[in-house]
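Using my numbering, read the sequence shown as starting at 91 and increasing by one per residue.
Beta carbons: idealized from backbone N, C-alpha and C, even for Gly.
Input: a single structure, listed below in structure tokens.
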Amino acid sequence: MKFNGEQHLPLTAGEYTQLTGRAGRRGIDVEGHAVVIWHPSDNTSEPAEVAGLASTRTFPLRSSFVPSYNMTINLVHRMGPEQAHRLLEQSFAQYQADRSVVGLVRGIERGKRMLDEIAAELGARTRRS
């Protein structure tokens, strides 16, 4: 449970992961341990709910990287246009944008196939009439 300033609310899977994500030493330990204190009279989550939080890893990771005009000018000045371009292309934000475009293109292709099927069906119906 967490207190948000007004009421006590259960933790989300992302909040639980954020709190326990540093259990262990970065780059040294391959696993870490977190202790959750529970008491039946606390009116908190049941142990099974906490276990569910610990095993849920479905929250999305989104980049908040937005290169500004000044940042871009500084990169070009320090690294040159080609290296600055390569660096920006390798960002996680660019990866997500590229992936999003691929999904949109697939959706367009699926829509075109559906339109072709509908047009073929309509053509067959008008020939029969």
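Assuming Q186 contacts R152 (C-beta within less than 8 Å), just tell me the rounded distance between them.
-> For the purposes of this step, residue 186 is identified with residue 96 of the sequence shown, where counting begins at 1. For the purposes of this step, residue 152 is identified with residue 62 of the sequence shown, where counting begins at 1. The pair is a contact, with the Cβ atoms about 7 Å apart (cut-off 8 Å).
Can you tell which of L101, V120, G117 has its C-alpha closest to the C-alpha of A144?
-> Counting from 1 along the sequence shown, the entry for residue 144 is found at position 54. Comparing Cα positions, the closest option is L101.
Can you tell me the Cα-Cα spacing of A124 and N94, whole angstroms?
-> For the purposes of this step, residue 124 is taken as the residue at position 34 of the sequence shown. For the purposes of this step, residue 94 is taken as the residue at position 4 of the sequence shown. Cα to Cα, the separation comes out at about 22 Å.
Between the CA atoms of M204 and G213 - distance to the nearest angstrom = Your numbering for residue 213 matches position 123 in the sequence shown. Your numbering for residue 204 matches position 114 in the sequence shown. Near 14 Å, if we compare the C-alpha coordinates of M204 and G213.
Based on the DSSP output, what are the partners of K92 in its beta bridges?
-> In the sequence shown, residue 92 corresponds to position 2, counting from 1. According to DSSP, which records beta bridges pairwise, K92 is partnered with L99.
Note the first and the last residue of the continuous alpha helix (DSSP H) segment covering I198.
-> Position 108 of the sequence shown holds residue 198. Its alpha helix (DSSP H) spans residues 182–218.
So does the stretch 181–201 actually touch the stretch 155–163, counting three or more Cβ pairs closer than 8 Å?
-> yes
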